[in-house]
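Visitor: Counted from 1, the sequence shown has number 151 at position 146 by this note's numbering; the numbering is strictly sequential. Cβ atoms here follow ideal geometry from the backbone N, Cα and C, with glycine treated the same way. Please read through the structure below; I'll follow up with questions.
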Amino acid sequence: MVNNIFTLLVIVFIFNIWSSEIQKFAFSIAAFIVAIVLATREFIQCFIGFIYILTSRPFRIGDWIQVGKYYGEVHSNDWAKLTLLEVNKHDYQYTGKTLYVPNSQLITSVIKNLNFLKRYAMHHFTIVRDDSVNPFIFLDTLHEKANLYCIEFKEVAIRYNQLIENRLDISIAGPEPHIQVSTSELGDTQIAFSIFCPTEKALGIEQKLTADFMKLWFDNKKD
Numbered sequence: 006m007v008n009n010i011f012t013l014l015v016i017v018f019i020f021n022i023w024s025s026e027i028q029k030f031a032f033s034i035a036a037f038i039v040a041i042v043l044a045t046r047e048f049i050q051c052f053i054g055f056i057y058i059l060t061s062r063p064f065r066i067g068d069w070i071q072v073g074k075y076y077g078e079v080h081s082n083d084w085a086k087l088t089l090l091e092v093n094k095h096d097y098q099y100t101g102k103t104l105y106v107p108n109s110q111l112i113t114s115v116i117k118n119l120n121f122l123k124r125y126a127m128h129h130f131t132i133v134r135d136d137s138v139n140p141f142i143f144l145d146t147l148h149e150k151a152n153l154y155c156i157e158f159k160e161v162a163i164r165y166n167q168l169i170e171n172r173l174d175i176s177i178a179g180p181e182p183h184i185q186v187s188t189s190e191l192g193d194t195q196i197a198f199s200i201f202c203p204t205e206k207a208l209g210i211e212q213k214l215t216a217d218f219m220k221l222w223f224d225n226k227k228d
């Protein structure tokens, strides 16, 4: 009985002596763990982003996507980063640049799958002129020109348009060309074109319609 009490007292005495050291050691361990977490936070977030992409599958290799302000074709994806071949959203052409997006941004940024733009795009462009000519005089001619440039792929465009609507469960404009006349805040005339066409033909059709418009505009201005 006496030995047990003596042993207990010795243990309490030793604990009192070393308690402050043990406490400091525990704080050191905690600080070390916090430092490790802070130092590896970006890697942890990247790995979580990788798991998110694997489970949700918002895109596949070869898809065109938008992540935040970045546009491009998905080249590869590993646990740390997403590799994109940058695409110019205005002319649908590859810029030649390679983008490396950390997987951590895939959690906090909106991901838009633009894969249907690889084949067909709803191409918008606007021509602005002064108010010296009434564009409604030759608007029908512009419609005829637009339909003429789209006639070769009209049937495919109709099917592709329906495919996109069914897959995304939304209604999109097209496939018929659309031309709208409006005015700007300064009173200038704005002619907005919307053409549903193969992506590689978008800029060519825009140039043709712009040339047609300018010719009709100046022809009527001379009159």
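Out of curiosity, what's the CA-to-CA distance linking residue 119 and residue 129?
Guide: Position 114 of the sequence shown, counting from 1, holds the residue named residue 119. Position 124 of the sequence shown, counting from 1, holds the residue named residue 129. Cα-Cα distance, rounded: 16 Å.
Visitor: Please state if the CB of residue 90 and the CB of residue 73 are separated by a distance shorter than 7 Å.
Guide: As a working note, residue 73 is residue 68 in the sequence shown. As a working note, residue 90 is residue 85 in the sequence shown. Not in contact: residue 73 and residue 90 (Cβ atoms no closer than 7 Å).
Visitor: In angstroms, rounded to a whole number, what distance separates the CA positions of residue 156 and residue 188?
Guide: Here the question's residue 156 lines up with position 151 in the sequence shown. Here the question's residue 188 lines up with position 183 in the sequence shown. In a straight line, the C-alpha of residue 156 is about 30 Å away from that of residue 188.
Visitor: From residue 193 to residue 186, what distance separates their C-alpha atoms?
Guide: Taking the first residue of the sequence shown as 1, we reach residue 193 at position 188. Taking the first residue of the sequence shown as 1, we reach residue 186 at position 181. So the two alpha carbons sit approximately 11 Å from each other.
Visitor: Is the region 91 to 99 touching the region 137 to 151, taking contact as three or more C-beta pairs under 8 Å?
Guide: No, they do not touch.
Visitor: Considering only C-alpha positions, which residue in the set 50, 92, 56 and 58 is nearest to residue 69?
Guide: Counting from 1 along the sequence shown, the entry for residue 69 is found at position 64. That would be 92, whose Cα lies nearest to the Cα of residue 69.
Visitor: To the nearest angstrom, report how far apart residue 81 and residue 66 are at their CA atoms.
Guide: For the purposes of this step, residue 81 is taken as the residue at position 76 of the sequence shown. For the purposes of this step, residue 66 is taken as the residue at position 61 of the sequence shown. Near 6 Å, if we compare the C-alpha coordinates of residue 66 and residue 81.
Visitor: Looking at C-alpha atoms only, which residue of 148, 215, 115 and 52 is the closest neighbour of residue 284?
Guide: One cannot answer for residue 284 here, as it falls past the ends of the chain, which runs 6 to 228.
Visitor: Output needed for residue 116: all residues of its chain with C-beta closer than 8 Å, excluding positions within five of it in sequence on either side, in chain order.
Guide: As a working note, residue 116 is residue 111 in the sequence shown. Around residue 116: 63, 64, 70, 71 and 72.
Visitor: Assuming residue 122 and residue 58 make a contact with CB atoms under 8 Å, what is their CB distance in whole Å?
Guide: Walking along the sequence shown from the start, residue 122 turns up at place 117. Walking along the sequence shown from the start, residue 58 turns up at place 53. With a Cβ gap of about 21 Å, residue 122 and residue 58 do not count as contacting.
Visitor: Does residue 41 pass the burial test, meaning 16 or more other C-beta atoms within 10 Å, or should it be called exposed?
Guide: Mapped onto the sequence shown, residue 41 falls at position 36. By the neighbour-count rule (16 or more Cβ atoms within 10 Å), residue 41 is not buried but exposed.
Visitor: Check residue 106 in the structure and name its three-state DSSP category.
Guide: Here residue 106 refers to the residue found at position 101 when the sequence shown is read from its first residue. Three-state result, residue 106: strand.
Visitor: Quick one, which of 213, 206, 219 and 124 has its alpha-carbon nearest residue 195's?
Guide: Along the sequence shown, read from residue 1 onward, the residue named residue 195 stands at position 190. Out of 213, 206, 219 and 124, 219 has the C-alpha closest to the C-alpha of residue 195.
Visitor: Going by the CB atoms, is the gap between residue 200 and residue 210 shorter than 7 Å?
Guide: Along the sequence shown, read from residue 1 onward, the residue named residue 210 stands at position 205. Along the sequence shown, read from residue 1 onward, the residue named residue 200 stands at position 195. Yes.
Visitor: On the premise that residue 105 lies in contact with residue 162, defined as a C-beta separation below 8 Å, what is that separation, rounded to the nearest angstrom?
Guide: The residue labelled residue 162 in the question sits at position 157 within the sequence shown. The residue labelled residue 105 in the question sits at position 100 within the sequence shown. Not confirmed; about 35 Å, so no contact.
Visitor: Only counting the same chain, and skipping five residues up and downstream in sequence, which positions put a Cβ closer than 6 Å to that of residue 55?
Guide: Position 50 of the sequence shown, counted from the start, is the residue given in the question as residue 55. These residues qualify, in order along the chain: 84 and 108.
Visitor: Candidates 79, 222 and 36: which alpha carbon is nearest residue 133's?
Guide: As a position in the sequence shown, residue 133 is number 128, starting the count at 1. Among 79, 222 and 36, the Cα nearest to that of residue 133 is on 222.
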